[in-house]
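Undergrad: Numbering (my numbering), first residue to last: 56 to 282. Glycine included, each C-beta is placed from N, C-alpha and C at the ideal position. Quantities reported herein were computed from a predicted structural model and do not represent experimental measurements.
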Amino acid sequence: MKALADRTWAETDRGVRIFLLEGTKKALVVDTGMTGLDIRALVSAHTSLDLLLLNTHADRDHIASNAQFDSFYMHPSEAAFYRNEQNGRGKMLPVFDGDVIDLGGRRLEIIHLPGHTPGSVTVLDRENRCLIGGDPIQEDGDIFMFGAQRDFGAYIASLKRLMLRKDFDYIYPSHAKEKVSRDVIPQLIAGAERILAGTIKGTRTERFGKKIRICDAGVSRFLCPPL
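(1) Roughly how many angstroms separate the alpha carbons of residue 69 and residue 230, rounded to a whole number?
(2) Counting C-beta neighbours from all protein chains within 10 Å, is the total for residue 241 16 or more, i.e. buried, or is it exposed?
(3) Less than 8 Å between the CB atoms is what I'm expecting for residue 279 and residue 227, so what's the real figure, rounded?
(4) Have a look at the DSSP bridge pairing and note the partners of residue 236.
(5) DSSP three-state call for residue 22: helix, strand or coil?
(6) Please give the ranges of any beta strand (DSSP E) in the region 89 to 132, keeping only runs that are unbroken, at least 3 residues long and fully inside the region.
(7) For the region 201 to 218 and the region 158 to 165, state whether three or more C-beta atom pairs, one from each stretch, are separated by less than 8 Å.
(8) Give every residue of the same chain whose Cβ lies closer than 7 Å to the Cβ of residue 194, excluding the five residues on either side of it in the sequence, and list them in chain order.
(9) Here's the rule I'm using: 16 or more other beta-carbon atoms within 10 Å means buried, otherwise exposed. How should residue 284 be labelled?
(10) What does DSSP give as the partner residues of residue 247 in its beta bridges?
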């Protein structure tokens, strides 16, 4: 795993990051990747503390090794999709906006960012003034916004609410560029608004057997439903 900040590491698994955050009493894994990696072996070089698991959302590239944990934190808005569509296992420990996971000397706040999925969350690490994990904020990435789980209106509202906060400076996204400034957030908002307004039409293509549009907003690409 690559060191990102103090007691913070990441491993990239086919384009999606698995994060490890360590406190003095416990350590938190954020997402379990795409291919079913042995998570405990992966993190063993960095921590021997008891491991907790948080999923930023229930898309399949974030939950592949969840079965290695008896329980996991997840926003309950993801529960039906996780159980019924992804055949997810384990005991869900619900987390909501503003909840805190205390690792011992390191308190991590959950921020709910619906839009990419109903229960998408990111983790606020105040000590390092950063957000860790999640798909809504990316630079030079592909943000999936097609399918039943996605909603542009909720996405825009979430990012606008996030911009009101003054307790972080940068983001470690789950995909694409490793570390990005909070300055990308208004760019993503503007791009999403232009797509909704129809000023970015996009290019028609297919992804996973579905017809979609790729709408290039400059800072990132949004994968959108067909017109």
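TA: In terms of the structure at hand:
(1) 10 Å
(2) exposed
(3) Actually they are not in contact, since the Cβ atoms of residue 279 and residue 227 sit about 25 Å apart, beyond 8 Å.
(4) 225
(5) Absent from the model: residue 22. The displayed extent of the chain is 56 to 282, so no value can be given.
(6) 105 to 109 and 126 to 129
(7) no
(8) 231, 232, 235, 239, 274 and 275
(9) Given that the chain is displayed from residue 56 to residue 282, the structure contains no residue 284 and the question cannot be resolved.
(10) For residue 247, which the question treats as bridged, DSSP gives no partner whatsoever.
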